[in-house]
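Participant: Count along the sequence shown from 1, add 493, and you get the number used in our numbering.
The beta-carbon is built from N, C-alpha and C at its ideal position, and this holds for glycine as well.
No experiment lies behind these values; they were computed from the predicted model shown.
Let me begin by handing over the structure; questions about it come next.
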Amino acid sequence: MKERVKGAFTKKKIFHFLKMALFVVALSLILLLKKIGAISLPAWDSVQAQRWVLS
494 MKERVKGAFT KKKIFHFLKM ALFVVALSLI LLLKKIGAIS LPAWDSVQAQ
544 RWVLS
């Protein structure tokens, strides 16, 4: 049983979990800030976004 528990928490698995958790938190924060209007991400179907991509 101890080997099973020991194998479940390797450095690689812990690092992967932390990376995924950080990614989810960052994505949630960006979407929340976009929703409340604190940041403006270009709407990809607008003319302004096309100009931004081409510049």
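Excluding the five sequence neighbours on either side, which residues of its own chain have a C-beta within less than 6 Å of the C-beta of Ile532, listed in chain order?
Facilitator: Around Ile532: Leu526.
Participant: What separation, rounded to the nearest whole angstrom, lies between the Cα atoms of Lys504 and Lys512?
Facilitator: Near 12 Å, if we compare the C-alpha coordinates of Lys512 and Lys504.
Participant: In three-state terms, what does DSSP make of Ile523?
Facilitator: In this structure, Ile523 counts as helix in the three-state DSSP scheme.
Participant: What is the DSSP secondary structure of Phe508, counted as helix, strand or coil?
Facilitator: Phe508 falls in the helix class under three-state DSSP.
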